[in-house]
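In our numbering, each residue carries its 1-based index in the sequence shown increased by 1.
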Amino acid sequence: MSSDQDHLKETDTEKRFEFKKEEKSAFEAEKGLTEETIRVISEDKDEPEWMLERRLRALEQYKEMPMPTGWPGAPDLSEVDVDEIVPYIRPDIETRGGVDDWNDLPEEIQDTFDKLGIPEAEKNALSGVGAQYESEIVYQNMQERWEEKGVIFCDMDKAVQEHEDILKEYFMTKAVPPSDNKFAALHGAIWSGGSFVYVPEDTTVDMPVQAYFRMNSDGMGQFEHTLIIAEENSEVHYIEGCSAPKYSEFNLHSGGVEVFVKENAHVQYSTVQNWSKNTYNLNTKRAICEADGTMEWVSGSMGSKATMLYPSTVLKGPGATDNHITIAFAGEGQDIDTGAKVYHNAPETKSTIESKSISKDGGRTNYRGLVHIADGAEDSSTSVECDALMFDNESTSDTMPYMEIQESKVDVAHEATVGKIGDEDVFYLQSRGLDDDDAKQMIVAGFIEPITEELPIEYAVELNRLIELEMEGSLG
């Protein structure tokens with residue numbers, strides 16, 4: 002292990018994630034979701050009329066759509082009451098849209114992101130960083146060499162103002178329309194903050210860009226929107242981190258992600274989410290992938306009371322490829338419902354889904370997936386592999402794959418395994434000098450290795466450390 006890895010391993014991850022700052026804000030909306038609230042938020046952001054109109058249309062759709070409560074085995078969302086959520090908190094900083102120097106942030110916000118290691122990561126391994134605190138981006142920066150090539154990495158509020166034509170065409174019109182589901186409609190009405198990434202044709206961004214989203218206040222909702230557009234023959238890796246401290250009230254995270262992978266482009270979207278156990282994590286994420294494009298999703302989900310997260314990809318051009326790799330961890334009182342959706346709408350398209358889940362102390366994990374191969378998508382192939390690891394007899398793991406195959410000339414494979422940590426495996430490692438906890442942690446580390454090897458080293462080490470803390474019951 003390198004010295005950098007040793008340093009990361011020794012970092013007190015629990016303290017990094019569980020600290021909480023005194024609440025300070027420049028503006029805080031009233032609880033609940035009303036037309037007046039949306040108008041106030043839109044006015045506070047000085048948005049153009051077309052965005053306000055889209056918000057109000059999404060609000061009407063939200064009111065008309067049912068909660069997703071009829072799904073078999075779906076998490077209990079009865080506690081989710083949007084009328085009890087503060088939908089928008091603007092942090093107390095002077096510069097709207099964020100600053101480009103950490104030293105220009107208020108001390109308490111600087112300290113938050115210092116503890117999370119964001120400035121250090123930017124220096125060592127990233128081409129650009131955005132940091133969101135509560136409802137808005139507070140820091141945004143892109144290395145000059147990428148800006149000179151036409152790469153855009155800015156917060157979504159700035160994108161609405163400065164890249165209006167692109168936003169009008171892509172924002173919640175093609176990938177994630179508000180009509181997709183009730184929480185997409187909620188997001189469309191109340192979204193705030195997030196990242197806009199635009200990579201021009203024939204441009205490879207060879208260092209990842211990162212956004213980090215932090216909730217600090219009790220009883221709030223965070224609704225950031227991420228829009229990524231990779232033009233022909235371009236490449237980018239976007240990394241997202243999310244966290245929140247322990248709360249006495251329930252919080253809601255309902256983000257939206259839209260990714261457009263043009264012909265022969267390559268996008269990797271990686272996320273490690275560590276919410277508090279009072280947070281409901283209900284996101285909608287979708288990519289549209291054109292001919293010979295490649296979309297990769299790498300996701301780690303843990304910490305929330307309930308998660309419903311199913312990133313989806315539409316393969317709309319011949320030769321398009323989609324790869325999903327996910328890890329979910331559920332402890333006591335947690336219901337982590339994750340999976341993937343892939344739509345093969347063109348010939349010679351390919352998808353792979355690899356799902357890993359871990360449950361302990363009565364927690365529940367579930368893989369819920371959909372693969373659709375349309376009539377005419379001949380010579381397409383898909384492979385789905387779901388592996389679940391349980392610590393005890395009280396924990397549960399379910400697999401709910403659904404396949405719609407409308408074309409005969411295709412290759413389809415599905416494999417699922419469920420098992421407990423074997424006593425003989427633990428005994429073998431103990432015989433080599435490890436104690437019981439270290440033996441189990443080593444087994445889990447090997448189990449999730451296909452996911453961690455897809456992440457930059459800083460994130461891989463962090464994910465392993467977070468799972469160790471979850472196994473110890475140290476995070477809450």
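C-beta atoms are modelled at their ideal positions from N, C-alpha and C, and glycine is treated no differently.
Hey, residue i and residue j are a contact pair by Cβ (cut 8 Å); roughly how many whole angstroms apart?
i           : j           : result
residue 73  : residue 150 : Contact flag wrong, Cβ pair sits at about 48 Å.
residue 242 : residue 211 : 7 Å
residue 160 : residue 338 : Not really, about 31 Å apart at Cβ, beyond 8 Å.
residue 318 : residue 288 : Actually they do not touch by this definition, with Cβ atoms about 12 Å apart.
residue 154 : residue 198 : 5 Å
residue 360 : residue 396 : 4 Å
Between the Cα of residue i and the Cα atoms of the options, which residue gives the shortest distance?
i           : options            : result
residue 363 : 378, 41, 335       : 335
residue 392 : 369, 421, 386      : 421
residue 256 : 152, 446, 209, 192 : 192
residue 158 : 42, 325, 268, 234  : 42
residue 180 : 62, 295, 203, 154  : 62
residue 357 : 400, 237, 350      : 400
residue 77  : 323, 307, 412, 418 : 307
residue 451 : 282, 167, 386      : 386
residue 196 : 156, 394, 162      : 156
residue 237 : 273, 275, 297, 178 : 297
residue 185 : 268, 58, 333, 367  : 58
residue 478 : 46, 340, 273       : One cannot answer for residue 478 here, as it falls past the ends of the chain, which runs 2 to 477.
residue 146 : 204, 90, 89, 449   : 204
residue 388 : 419, 369, 402, 367 : 419
residue 175 : 325, 352, 290, 443 : 290
residue 325 : 369, 283, 333, 282 : 369
residue 342 : 275, 367, 402, 89  : 402
residue 70  : 283, 447, 390, 340 : 283
Do you know offhand how far residue i's Cα is from residue j's?
i           : j           : result
residue 24  : residue 379 : Reliability fails at residue 24, whose pLDDT of 49 lies under 50, so the model's placement of it is uncertain and the value that follows must be treated cautiously. Their backbone Cα atoms lie some 56 Å apart in a straight line.
residue 265 : residue 320 : 9 Å
residue 37  : residue 280 : 26 Å
residue 31  : residue 164 : 30 Å
residue 96  : residue 225 : Note that residue 96 scores 49 on pLDDT, short of 50, meaning its location in the model is unreliable; the coordinates nonetheless yield the value given after this. Between residue 96 and residue 225, the C-alpha separation is close to 19 Å.
residue 258 : residue 427 : 40 Å
residue 475 : residue 277 : Note that residue 475 scores 42 on pLDDT, short of 50, meaning its location in the model is unreliable; the coordinates nonetheless yield the value given after this. Answer to the nearest angstrom: the Cα atoms are 12 Å apart.
residue 415 : residue 384 : 6 Å
residue 128 : residue 148 : Bear in mind that a pLDDT of 47 at residue 128, under 50, signals an unreliable position, so the number given afterwards is only what the model happens to contain. The alpha-carbon atoms of residue 128 and residue 148 are separated by roughly 10 Å.
residue 187 : residue 223 : 11 Å
residue 136 : residue 435 : Reliability fails at residue 136, whose pLDDT of 49 lies under 50, so the model's placement of it is uncertain and the value that follows must be treated cautiously. Taking the straight line joining both Cα atoms gives about 45 Å.
residue 382 : residue 44  : 48 Å
residue 169 : residue 55  : 10 Å
residue 285 : residue 173 : 11 Å
residue 39  : residue 166 : 23 Å
residue 123 : residue 240 : Reliability of the predicted coordinates at residue 123 is poor, the pLDDT of 43 falling under 50, and no value is obtained from them.
residue 162 : residue 251 : 33 Å
residue 354 : residue 323 : 8 Å
residue 271 : residue 47  : 31 Å
residue 234 : residue 35  : 43 Å
residue 449 : residue 209 : 22 Å
residue 53  : residue 315 : 28 Å
residue 253 : residue 268 : 28 Å
residue 194 : residue 445 : 35 Å
residue 333 : residue 352 : 33 Å
residue 49  : residue 64  : 24 Å
I want to see whether chain B comes within less than 8 Å of residue i, judged by CB atoms only; does it?
i           : result
residue 288 : No chain B appears in this structure, which consists of one protein chain only.
Count the other C-beta atoms from every protein chain shown that fall within 10 angstroms of the C-beta of residue i, then say buried if there are 16 or more, exposed otherwise.
i           : result
residue 51  : exposed
residue 1   : In this structure the chain extends from 2 to 477, so residue 1 is not present and cannot be described.
residue 87  : buried
residue 312 : buried
residue 404 : exposed
residue 207 : exposed
residue 125 : Low local confidence applies: a pLDDT of 47 at residue 125 is under 50, so the model's placement there is unreliable, and no value is given.
residue 294 : buried
residue 412 : exposed
residue 309 : buried
residue 182 : buried
residue 350 : buried
residue 177 : buried
residue 67  : exposed
residue 432 : exposed
residue 394 : exposed
residue 3   : Note on residue 3: pLDDT 41, under 50, position unreliable in the model; the coordinate value appears next. Its Cβ having fewer than 16 others within 10 Å, residue 3 is exposed.
For residue i, verify whether its CB is less than 7 Å away from any heavy atom of the ligand COA.
i          : result
residue 55 : Among the ligands in the structure shown, none appear at all, so the ligand COA cannot be discussed.
Legend entry - Inter-stretch contact at 8 Å, needing at least 3 Cβ pairs: the region 432-443 / the region 407-421: The region 432-443, when compared against the region 407-421, does not touch it at the 8 Å Cβ threshold.
Legend entry - Any 3 or more C-beta pairs closer than 8 Å across the region 344-354 and the region 370-387: Enough Cβ pairs lie closer than 8 Å, so yes.
Legend entry - At least 3 beta-carbon pairs within less than 8 Å: the region 227-240 vs the region 71-85: Result no; under three Cβ-Cβ pairs closer than 8 Å.
Legend entry - Inter-stretch contact at 8 Å, needing at least 3 Cβ pairs: the region 296-305 / the region 324-334: Contact holds: three or more Cβ-Cβ distances are below 8 Å.
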